[in-house]
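Chains as they are written, first to last, in our numbering: chain A, 211 to 521; chain B, 95 to 503; chain C, 1306 to 1613. Backbone N, C-alpha and C fix where the C-beta goes; we use that ideal spot for every residue, glycine too.
This is the structure in structure tokens:
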């Protein structure tokens, strides 16, 4: 039993190492695609972390955009070096989420989801209207980009951030938090009666996941060197990670990881072979996967393995 | 064990599939073609038609024997109106497809995302999009390989000043002292208003933002009421195609009749000309089918496009995409080589007679060295057609002034 | 019938005073506010129906409306008929499309979680809008109809009167839906299913069939809304997206299952938006009011209910 677990973890680590190293061998285009996939991977994983506690967020784009702006503005006004702007973005957004969460986490289900969506729009509109500080609708440029845009180094930067996010998620999955959070998701009344401080747990999870999303927003700003209200708060940053997590499988770390890699590669692939109209196929694939793999790809694999016995 | 094998088999399959995206293509024997890499938003009509028009240029060049004895090829990748996908497209074209030139472009936001990558490879770029001055700041000075065809927002503003001054001189009854600009609240509208305020400083300029129908808005009543109160000589709206007809309809509903009604969207809806409300709406633009009557190149391009694709070019991005290919092609012929320094020198000396009327030349703008088109045109809808009223050397009709009040239509 | 508790009475009084003041200052703000509220309510009511009974959030809501709009547009243009006439075949077509979408996709995912149904509808939305993009291109279209610019005058101020068709449409829909849900056999069954699906199945109601009919009805209603929408606004393949989000916000603000509140909420939002816009420079802030109000109402309601 112990042997098979060690075997599985070593195999897992090797697999991850190989997959992570592949873009380094394939050139700048592969690294560019990989960076985008990693970005969505981190967003998906962080979203899933919150979902595990039963709270649905539609505000990813809001924290992402806020983090982007925090990074650019801190570089502009506080002269922070690139890596520190990413950290600043994460901490700033985490704080904002903590304060907001204290108020809005009393909501549940669709009401919480809509509130996060509305908050995201409020961030966008306020930033757009505050021209003197943020540059308004035409956006702001970053004075200096991380590693001067070097393809390999920025890829490693994203990889590092992804490892941290996945690490957090795994720790969440296997630590004490996990039981608290799953208990809350399954039945709040019972959880409360077991002594779990629901509110505090939820606020912490919300703050941490939002901080991660803010930090990713910071990395985006460093990768492309600009922010605008329209592009940094684009609703795709909310919807696509949702689709990726659902495709891969919710409530577990590897679900969003697999989902983001598959959907990300699929998007690029389809575009090259069907230049006009690839998004129709993309949508159809999402529909089919949801219909035939309701627990996601990873869920399906786990079921198959369980049925077929151990290795 | 079988399960493991099957699982590994699936992994290998996925790996092969992944590799196929990233594998470098091999030249297929015969002459190595000269490659143009184009990035356009293919899901939007501007990118769809821009890329198709560029393909027409490519086909024409090949039919005429190619360039420097070699065939030419256009490889198009969709930017999906996303900055990161636009940037990835440039990376792929530069490294895997190994193109010689970059063409394409529409959105300023997407281009901002592409600029760091473009600067990395420094290939000759002939860009048909991006009007925002933020893009120019991002590109920066001393990028001699970068040629920007589309006028900057302040170029457009300046050309309108020139145009209206010329029109006011030739037609003294046309008054242009007080302006009201209704602009959409995004980057396009905001930059238009800023440019107008800066350049028309000797006139009275008022403005009010609104949410464009393209972004989910579409209610102009507040803006139009304020405009009506101020009684401007000229009313301009700077927004998107989706706002065109509803604005007219609401203007009619509140009985707002400015003497000059000007629309400045980048394009017009499909059936705008048919509406009786369109009559005598003035507009800014770079090209219209009516130029076929005045410019041979325009007619040739227009006929070719309609025959090939069975549709009319709907925006100026079509002739612009076509021009981008030819500007480069002509410079390559003159230089006789693909060597970048020689080519840049020839490109700077370009004098290409474009289907839009202008002879495209390059000169420095505020920051970059190679700015192509600066002048827009002022046109007017007459009998369902866009007629050019300025510049006078391309004009196809006289302006009708004042704008006929709604009650009389 | 209109029993209101203390809180609601005070709220209603305050609202009436505000509206009166705004009307005296700028009557058109109220006029346009009501018109816009009508549009919001008309688009949101079908979503409230589906959410309240079938309990799914349909992210393809706006796209179905878009399909209805295009259908009427093409019928009108091809046969030269007025959109209000072309509306009739559109409603039938959209009912069928609703059935098709439901049976081929959503019904099969009832076993999945609500979230997977959400993403399913997201996929459907993408397919619908991108397919329409291929068929019709992204260039916006609009029919020109003379009656759309009809206007009236209060004193010296002219304002558009055509847009009153939206509040009228919303009112008709509300009355129709309420009658349907309370007085017809199918409607009562649907209400039961919405409140307790398992219990309803036990007493013999065909839950799946009810879901399908409600979804298709909502689709047909969206056909009507889309057709009227098309007479006033330009249509393009992506036009539906922002209306999905706005409807979603409105329905959440009203409380799931509360149809009249959707209309009241729309009124509050519509008038608030147009009042802010009546101030110089207010244009950029009116959408902010929309979202702030929504959060405020949701939060206030949660504080009053003293949820966990």
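Interface partners of residue i on chain B, CB under 9 Å
i, result
"residue 219 (chain A)", "The contacting residues do not exist; residue 219 (chain A) stays about 16 Å from chain B at best."
"residue 440 (chain A)", "203, 280, 281 and 309"
"residue 547 (chain A)", "The shown model of chain A, from 211 to 521, leaves out residue 547 (chain A), and the question about it has no answer."
"residue 485 (chain A)", "136, 145, 170, 171 and 172"
"residue 523 (chain A)", "Chain A is shown from 211 up to 521; residue 523 (chain A) falls before or after that span and cannot be answered."
Host alpha helix (DSSP H) of residue i (start-end)
i, result
"residue 492 (chain B)", "Taken as a continuous stretch (DSSP letters only), residue 492 (chain B) belongs to no alpha helix (DSSP H), as it is neither H nor E."
"residue 1496 (chain C)", "1490-1500"
"residue 450 (chain A)", "446-458"
"residue 471 (chain B)", "Unbroken run through residue 471 (chain B) is the beta strand (DSSP E), 471-476; no alpha helix (DSSP H)."
"residue 172 (chain B)", "Careful: residue 172 (chain B) lies outside any alpha helix (DSSP H), inside the beta strand (DSSP E) at 166-172."
"residue 1608 (chain C)", "1591-1610"
Span of the beta strand (DSSP E) around residue i
i, result
"residue 303 (chain B)", "298-304"
"residue 272 (chain B)", "272-278"
"residue 242 (chain B)", "240-242"
"residue 376 (chain B)", "376-379"
"residue 219 (chain B)", "218-221"
"residue 1463 (chain C)", "1462-1465"
Span separating the alpha-carbon of residue i from that of residue j
i, j, result
"residue 1558 (chain C)", "residue 1602 (chain C)", "6 Å"
"residue 1456 (chain C)", "residue 304 (chain B)", "22 Å"
"residue 395 (chain B)", "residue 402 (chain B)", "11 Å"
"residue 458 (chain B)", "residue 238 (chain B)", "10 Å"
"residue 1556 (chain C)", "residue 492 (chain A)", "29 Å"
"residue 390 (chain A)", "residue 304 (chain A)", "21 Å"
"residue 1549 (chain C)", "residue 447 (chain A)", "17 Å"
"residue 504 (chain A)", "residue 452 (chain A)", "14 Å"
"residue 1536 (chain C)", "residue 443 (chain B)", "51 Å"
"residue 1321 (chain C)", "residue 1595 (chain C)", "19 Å"
"residue 484 (chain B)", "residue 138 (chain B)", "29 Å"
"residue 500 (chain B)", "residue 1604 (chain C)", "48 Å"
"residue 519 (chain A)", "residue 215 (chain A)", "Low local confidence applies: a pLDDT of 49 at residue 519 (chain A) is under 50, so the model's placement there is unreliable, and no value is given."
"residue 382 (chain B)", "residue 324 (chain A)", "45 Å"
"residue 1544 (chain C)", "residue 1531 (chain C)", "10 Å"
"residue 334 (chain B)", "residue 362 (chain B)", "8 Å"
"residue 315 (chain A)", "residue 413 (chain A)", "7 Å"
"residue 289 (chain A)", "residue 1423 (chain C)", "43 Å"
"residue 259 (chain B)", "residue 437 (chain A)", "37 Å"
Interface residues of chain B facing residue i [CB-CB closer than 7 Å]
i, result
"residue 240 (chain A)", "116"
Contacts of residue i in chain A (Cβ-Cβ under 7 Å)
i, result
"residue 186 (chain B)", "239"
"residue 291 (chain B)", "Neighbours of residue 291 (chain B) on chain A: none; closest Cβ ~13 Å, over 7 Å."
"residue 219 (chain B)", "Per Cβ cutoff of 7 Å: no residues; residue 219 (chain B) is ~17 Å from chain A at best."
Sub-7 Å separation of residue i and residue j beta-carbons
i, j, result
"residue 174 (chain B)", "residue 462 (chain B)", "no"
"residue 148 (chain B)", "residue 451 (chain B)", "no"
"residue 1528 (chain C)", "residue 1367 (chain C)", "no"
"residue 332 (chain B)", "residue 277 (chain B)", "yes"
"residue 169 (chain A)", "residue 267 (chain A)", "Residue 169 (chain A) lies beyond the range of chain A shown here (211 to 521); nothing can be said about it."
"residue 1575 (chain C)", "residue 1342 (chain C)", "yes"
"residue 328 (chain A)", "residue 1599 (chain C)", "yes"
"residue 468 (chain A)", "residue 507 (chain A)", "yes"
"residue 366 (chain A)", "residue 282 (chain A)", "no"
"residue 300 (chain B)", "residue 329 (chain B)", "no"
"residue 167 (chain B)", "residue 127 (chain B)", "yes"
"residue 339 (chain A)", "residue 1586 (chain C)", "no"
"residue 239 (chain A)", "residue 185 (chain B)", "yes"
"residue 421 (chain B)", "residue 467 (chain B)", "no"
Cβ-Cβ separation, residue j to residue i (assumed contact under 8 Å), whole Å
i, j, result
"residue 1539 (chain C)", "residue 1446 (chain C)", "7 Å"
"residue 191 (chain B)", "residue 131 (chain B)", "6 Å"
"residue 1471 (chain C)", "residue 1340 (chain C)", "6 Å"
"residue 474 (chain A)", "residue 466 (chain A)", "Between residue 466 (chain A) and residue 474 (chain A) the Cβ distance is about 11 Å, and since that is not below 8 Å, they are no contact."
Contact set between residue i and chain B, taken where Cβ atoms lie within less than 8 Å
i, result
"residue 434 (chain A)", "177, 178, 181, 206, 207 and 210"
"residue 1490 (chain C)", "In chain order: nothing, as chain B lies at least about 39 Å away."
7 Å Cβ cut-off: residues of chain C touching residue i
i, result
"residue 358 (chain B)", "What residue 358 (chain B) touches in chain C: nothing, since even the nearest Cβ is about 16 Å away."
"residue 328 (chain A)", "1554, 1596, 1599 and 1600"
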